[in-house]
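All remarks here apply to the structure that follows.
2 protein chains.
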Amino acid sequence: MPQTHHDLRKLLTELPRPDGQAAAAAKARNDMLTKPQGALGKLEDLALWLAAWQGRELPRLDKVQALVFAGNHGVVARGVSAFPAEVTVQMVANFTAGGAAINQLCRAAGAELKVLALELERPTADFTEGPAMSWDEFLDALRQGMAQVDDDADLVCIGEMGIGNTTTSAAIAHALYGGEAGDWTGRGTGVDDAGLARKAQAVAAGRARHEGILDDPLEVACCLGGRELAAMAGATLAARRARIPVLIDGYVASAALAPFHAATPDFLSHCWAAHVSAEPGHVSLLQKMDLSPLLDLGLRLGEGSGAATAIPILRAAVATHAGMASFADAGVAEKSD
Amino acid sequence: MPQTHHDLRKLLTELPRPDGQAAAAAKARNDMLTKPQGALGKLEDLALWLAAWQGRELPRLDKVQALVFAGNHGVVARGVSAFPAEVTVQMVANFTAGGAAINQLCRAAGAELKVLALELERPTADFTEGPAMSWDEFLDALRQGMAQVDDDADLVCIGEMGIGNTTTSAAIAHALYGGEAGDWTGRGTGVDDAGLARKAQAVAAGRARHEGILDDPLEVACCLGGRELAAMAGATLAARRARIPVLIDGYVASAALAPFHAATPDFLSHCWAAHVSAEPGHVSLLQKMDLSPLLDLGLRLGEGSGAATAIPILRAAVATHAGMASFADAGVAEKSD
C-alpha cells in the first residue's frame, strides 16, 4: 500500500503483465471452435483478454466483485447539481437496503456488491478555491479502494455515487486534455441550463486555479478529484497487482482512471470500458484513454450500473469459449479455401 | 394458420396492438424509481416495451424461447459461400449435440433452444434462375415457424443457420430497397474477394430475374428468400398474434422480416433488433426497417447468437423495473428544480 506520493509513483512502474502462455493456449483453443474465425467478434476478444489476465486457458467468472465508492464534493456549493448533497448518504442507505438499481443488476448478473462510503460528512474542498484533497487524504482514499479488492476475485467492477462528481470528472478531463470546459460538461443527474452554465464555469475555474500542476496527472487527481474517484483508482491498481480484469463503469469511473492512464499509458491494459454513457464528454474521454466501450445503452446513472449490465456479456464470452465443440469433435467441415 | 397468399395478407391487417393500460402502469412505476428520470436509458425503454406487449406492469422473462431455423439454398451453386452446403446439416447436428455457440449462449441466458431443420435435403431453387420457392413451399415454411412459438412464452428470439443465406438476404434487401447489389453484400462466413464478386453478381441477377414482382414485398420473400427466413417471419407473426415480444438476431433474421415490414410497417412494433452485426449491409437494413440495435459486438455468426447475447440486457431491464425502491420508500430526496 503506497504511503507516499513517491510510493505510488513507484508502484506504477511495477505493474504486472498478462500471462502470455495462457493467452496463447486460449487463442489456440478459440481457433478450433465451430464457428468461422472471428465470427463471435468482441465475445472472442473478451474471452482471450480474460484468459490472459486470469492466467487460465479457460477463464472463469465465479467470483465477481462490484465495488461502489461514495464521496461528497465541496464544489456542489457552486450550484452544479440538480439534487442536494444529502442524496449521497441517502443513496448509500438505499444500496444497503437493496433498493437501488445496482442491487438488482448485481443480483441479475451474479456479482457481489460492496459499498464503501468515504467520509460523506466531510466533503472534499471546493477545487475552484484550492486543492480538493491533501496528498494524505488522496492516498488514504486510494488505499481504502485498494483494500476492497479480494485477491481471489475473477473480475472487479468499479462504480460510484457522489452528488457533484460529474463536475469533478469534467474538471479532471479538462485539466488533462484541455479543449473547452463545456466539451467535458454534461447535465449529470439533470441540471437545467443555468446549472449547466455554472457547472462549466466551475470546471474552467478549477483548471485555471490549478494551472501550476497540470503537467502532473497524479496532482490533477488529487487537486481536482474526489475520494470516491481515488478509491476507484486504488481498486483498479490493486486488481492490476493481482492480475484481475476490471470493468470500468461510466463517465466518473473513467475520469477517475484518466490521470493514471496519463501517467502510465499501460495502466489500463487489464481494464475494459463497460459502456459509453449519455454524458456527452464520455465518448471523447474514452478515446483519450484508448478504450472502446462494450455497450451503448444511453445509461447515465453511475452506481456501477453500466459495469454490472456488461457482466453477462463477459459470461457469454466465457461460456462460448469454454463450452463450444471443435470442428474435429463435431464433425463439421472447415472453410473450403 | 394462413393456407393461402390471401390468408397471409389478411392476417397482416389484423395485428394486435400493445396493452395501453399495462404500458401506462409501467410508465408510472418507472417514474417513481430511485434514479434521475431516464438515467437507465434503454433499460427503461426495454422494460416499458416488454410491459406493453406482455400486458403486465411488471414484465417477466420466465420462459424465453430461442428458435433457430435451418435451410439450404440453391444459390450456393453460384460459389457464394466459403463453406460447403453440407455444413448446414452438420451444424444442426452440432446444435442437437450441444456443441455450438447458441447452446452455450442459451444456457448462460436461461433460454430454451428449439432447432427446426427445414428440408435440408431439398434446397430452394437458385433464385437467379427462377423463384426460390413456390407459394405453397413458402407458406409451409412460414406455418412451421408459427407452430414453434408457445403461447405462454415471455420472449421469443429468432435465429438461423443456412449456408448461402447471407446471399439470399442481400438479394431480398436489394430487391426491396435498390441501391447497388454490392451495398448489401458482405463476406458472410468469410468468402474471399472472388467469392464476394460472385455473390454480388448473384444478388444483382436475382433482382433482375424477378423485376416483375419487386413492388410486392411478400412475393420478394417467396421468390428470393429461403425456408428458414420464411419460418422466422412465421414465428414473428405468431408471436405478434400472442403479443409476445421478439428479439431479432442479425442480418439474415432482419432480411427475413424486411418484406413484412415493407408490406405492413407496423409489423415490427413488438420486435427489437438485438444487435447490429459485422455484415456491412446490416446497418442500412436496420435503418430501412426503423430498428435501432441494442448491441454492437462485431458478431457475424447467426444461429440466434446475437439475440441470445442480448437476453441478459432485457433481464437487467426487468430486474431494475421490478426491484428498485421508489424515492418515497427509500427516503431519498427528489430533484430540487
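Residue numbers (this note's numbering), protein chains in the order written: chain F, 1 to 337; chain X, 1001 to 1337.
Cβ atoms here follow ideal geometry from the backbone N, Cα and C, with glycine treated the same way.
Just so it is clear, the structure is predicted and the values come from calculations on it, not from any experiment.
Rounded distance between the beta-carbons of residue j and residue i, thought under 8 Å
i                 : j                 : result
ALA230 (chain F)  : PHE138 (chain F)  : 5 Å
SER292 (chain F)  : GLY159 (chain F)  : With a Cβ gap of about 19 Å, SER292 (chain F) and GLY159 (chain F) do not count as contacting.
LEU299 (chain F)  : TRP272 (chain F)  : With 8 Å as the limit, LEU299 (chain F) and TRP272 (chain F) do not qualify as a contact, their Cβ atoms being about 16 Å apart.
GLU1339 (chain X) : VAL1149 (chain X) : The structure shown does not extend to residue 1339 (chain X), since chain X spans only 1001 to 1337, so no value can be given for it.
GLY1226 (chain X) : GLY1162 (chain X) : 6 Å
ALA1039 (chain X) : LEU11 (chain F)   : No, ALA1039 (chain X) and LEU11 (chain F) are not in contact; Cβ-Cβ is about 35 Å, not under 8 Å.
LEU1067 (chain X) : CYS1157 (chain X) : 7 Å
ALA82 (chain F)   : THR168 (chain F)  : That belief does not hold up - the Cβ atoms of ALA82 (chain F) and THR168 (chain F) are roughly 16 Å apart, past 8 Å.
GLY178 (chain F)  : ALA200 (chain F)  : About 14 Å separates the two Cβ atoms, so there is no contact after all.
LEU50 (chain F)   : ALA317 (chain F)  : 7 Å
ALA202 (chain F)  : VAL75 (chain F)   : 6 Å
Residue interval of the alpha helix (DSSP H) (run including residue i)
i                 : result
ILE1311 (chain X) : 1305–1323
PHE138 (chain F)  : 135–147
ALA173 (chain F)  : 165–177
ARG241 (chain F)  : 227–241
LYS1288 (chain X) : 1282–1288
GLN3 (chain F)    : Taken as a continuous stretch (DSSP letters only), GLN3 (chain F) belongs to no alpha helix (DSSP H), as it is neither H nor E.
ASP1193 (chain X) : 1193–1209
VAL1089 (chain X) : 1086–1097
Boundaries (first-last residue) of the beta strand (DSSP E) holding residue i
i                 : result
GLY1159 (chain X) : 1155–1161
GLN37 (chain F)   : Taken as a continuous stretch (DSSP letters only), GLN37 (chain F) belongs to no beta strand (DSSP E), as it is neither H nor E.
Distance between residue j and residue i (C-alpha atoms, nearest Å)
i                 : j                 : result
ASP1136 (chain X) : ALA1204 (chain X) : 26 Å
PRO123 (chain F)  : ALA1333 (chain X) : 19 Å
THR403 (chain F)  : GLY281 (chain F)  : There is simply no residue 403 (chain F) to check, as chain F begins at 1 and stops at 337 in what is shown.
HIS174 (chain F)  : TRP184 (chain F)  : 7 Å
VAL115 (chain F)  : ALA23 (chain F)   : 33 Å
ALA263 (chain F)  : CYS106 (chain F)  : 32 Å
ALA52 (chain F)   : ARG241 (chain F)  : 14 Å
ILE213 (chain F)  : VAL220 (chain F)  : 7 Å
ASP140 (chain F)  : ALA147 (chain F)  : 11 Å
ALA319 (chain F)  : ASP1290 (chain X) : 32 Å
THR128 (chain F)  : LEU224 (chain F)  : 9 Å
GLY55 (chain F)   : MET1001 (chain X) : 54 Å
HIS321 (chain F)  : GLN1104 (chain X) : 9 Å
GLY164 (chain F)  : LEU58 (chain F)   : 41 Å
PHE260 (chain F)  : GLY250 (chain F)  : 16 Å
VAL1252 (chain X) : ILE1172 (chain X) : 10 Å
GLY961 (chain X)  : GLY99 (chain F)   : Beyond the ends of chain X as shown, which are 1001 and 1337, falls residue 961 (chain X); an answer cannot be given.
ALA338 (chain F)  : SER277 (chain F)  : Residue 338 (chain F) lies beyond the residue range present for chain F, which begins at 1 and ends at 337; the question has no answer from this structure.
GLY1359 (chain X) : PRO1312 (chain X) : Any question about residue 1359 (chain X) goes unanswered here, given that chain X covers just 1001 to 1337.
SER340 (chain F)  : ALA258 (chain F)  : The structure shown does not extend to residue 340 (chain F), since chain F is modelled only from 1 through 337, so no value can be given for it.
LEU1314 (chain X) : GLY130 (chain F)  : 45 Å
LEU142 (chain F)  : THR1088 (chain X) : 55 Å
ALA1310 (chain X) : GLU1279 (chain X) : 18 Å
ARG366 (chain F)  : GLY1071 (chain X) : The structure shown does not extend to residue 366 (chain F), since chain F spans only 1 to 337, so no value can be given for it.
PHE267 (chain F)  : LEU15 (chain F)   : 8 Å
GLY1206 (chain X) : SER1284 (chain X) : 20 Å
ASP1031 (chain X) : LEU1048 (chain X) : 11 Å
Bridge partner(s) assigned by DSSP for residue i
i                 : result
ILE248 (chain F)  : F:ILE158, F:ALA273
GLN1065 (chain X) : X:GLU1112, X:VAL1156
SER1326 (chain X) : X:LEU1033
LEU1043 (chain X) : Its beta-bridge partners do not exist; DSSP assigns none.
ALA221 (chain F)  : Answer by DSSP bridge pairing: none, since ALA221 (chain F) is not bridged.
ALA117 (chain F)  : F:ALA70
LEU1295 (chain X) : X:HIS1275
Any non-hydrogen atom of the ligand ATP closer than 7 Å to residue i Cβ
i              : result
ARG9 (chain F) : Among the components modelled here there is no ligand, and therefore nothing to report on the ligand ATP.
### Task
Closer than 9 Å, Cβ to Cβ, to anything on chain F: give me those residues from the region 1086–1099 of chain X, in chain order.
GLU1086, VAL1087, GLN1090, MET1091, ALA1093, ASN1094, ALA1097, GLY1098, GLY1099
### Query
If contact means a Cβ-Cβ distance below 7 Å, which residues of the region 313–327 of chain F contact chain X?
ILE313, ARG315, ALA316, ALA319, THR320, GLY323, MET324, ALA325
### Task
Can you give me, in chain order, the residues of the region 1239–1252 of chain X that have a beta carbon less than 7 Å from any beta carbon in chain F?
none
### Message
Which residues of the region 32–43 of chain F have a Cβ closer than 9 Å to any Cβ of chain X? Give them in chain order.
### Response
LEU33, THR34, LYS35, PRO36, GLN37, GLY38, ALA39, LEU40, GLY41, LYS42, LEU43
### Within 7 Å of chain F by C-beta, residues of the region 1181–1210 of chain X in sequence order
THR1189, GLY1190, ASP1192
### Task
Name, going along the chain, the residues of the region 214–227 of chain F whose beta-carbon falls closer than 9 Å to a beta-carbon of chain X.
none
### Query
Any residues in the region 1144–1169 of chain X with a beta carbon nearer than 7 Å to a beta carbon of chain F? Which ones, in chain order?
none
### Query
Relative to chain X, which residues along the region 61–86 of chain F have a C-beta separation below 7 Å, given in chain order?
ALA82, PHE83, PRO84, GLU86
### Members of the region 1291–1305 of chain X near chain F, C-beta cut-off 9 Å
LEU1294, LEU1295, ASP1296, LEU1297, GLY1298, LEU1299, ARG1300, LEU1301, GLY1302, GLU1303, SER1305
### Message
If the cut-off is 9 Å on Cβ atoms, which residues from the region 1105–1128 of chain X count as contacting chain F, listed in chain order?
### Response
LEU1105, ARG1107, ALA1108, ALA1109
### Contact set between the region 12–28 of chain F and chain X, restricted to residues whose Cβ is under 9 Å from the partner
none
### Residues in the region 1268–1282 of chain X having any Cβ partner in chain F nearer than 7 Å
ALA1278
### Query
Taking Cβ-Cβ distances below 7 Å as the criterion, which residues of the region 1130–1141 of chain X are in contact with chain F?
none
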